[in-house]
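In the working numbering, the protein residues as written are -7 to 137. Positions of the beta carbon are idealized from the N, C-alpha and C atoms, including for glycine. Predicted model, so just to flag it, every value in this text is computed and none were measured. The structure appears below as structure tokens.
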């Protein structure tokens, strides 16, 4: 059974960082994860299967705008509403904190993610050619509260 929790100082930082690095094609350093989780931890949520991190959403909030740089779910846990639950938790927390607009980027070929974001109220605002590398286009998507 998967449990959801807000990231706190007691959360397993190294496990979160390793999980995200393992699941994403892009390579980010521990410094970036530490910055997001330390500065914006109350807007970051984890999906845990026992002691294992199986999903995470990292968010950044600046005044009334939010940004979701990463939402990741382990492959074998996808299509179980874990991503949409993490997204809902993050959006709800940001909205309750006064955020009026949230932006994210997603690979254009990741139809499942694009569909999940659209079902959650996001809409494309910009097409991003080669955003993820050669021939890896993306969309900038946004939701307004």
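Label residue i either buried or exposed according to how many other C-beta atoms from any shown protein chain fall within 10 Å of its C-beta, with 16 as the threshold for buried.
i: residue 98; result: buried
i: residue 68; result: exposed
i: residue 109; result: buried
i: residue 117; result: exposed
i: residue 32; result: buried
i: residue 92; result: exposed
Tell me, to the nearest whole angstrom, how far the beta carbon of residue i is from that of residue j; I am working on the premise that it is less than 8 Å.
i: residue 35; j: residue 8; result: Not really, about 14 Å apart at Cβ, beyond 8 Å.
i: residue 66; j: residue -3; result: Not a contact, Cβ separation roughly 16 Å.
i: residue 79; j: residue 49; result: 6 Å
Classify residue i as helix, strand or coil using the three-state DSSP reduction.
i: residue 86; result: helix
i: residue 81; result: helix
i: residue 126; result: coil
i: residue -6; result: coil
Between the Cα of residue i and those of the options, spot the shortest distance and give me the residue it belongs to.
i: residue 22; options: 32, 38, 5 and 37; result: 5
i: residue -7; options: 3, 45 and 27; result: 45
i: residue 83; options: 104, 126 and 56; result: 56
i: residue 38; options: 3, 111, 134 and 20; result: 3
i: residue 112; options: 11, 59, 75 and 47; result: 75
i: residue 90; options: 137, 10 and 73; result: 137
Point to revise | Sequence ranges, beta strand (DSSP E) only - wholly within the segment 16 to 46, length at least 3 | key: Entirely contained in the segment 16 to 46, the beta strand (DSSP E) runs reaching 3 residues are, in chain order, 37 to 41.
Check your understanding: Taking the runs of the alpha helix (DSSP H) that are 4 residues or longer, which of them lie wholly in the segment 90 to 115?
Key -> Within the segment 90 to 115, the runs of alpha helix (DSSP H) at least 4 residues long that lie entirely inside it are, in chain order, 103 to 111.
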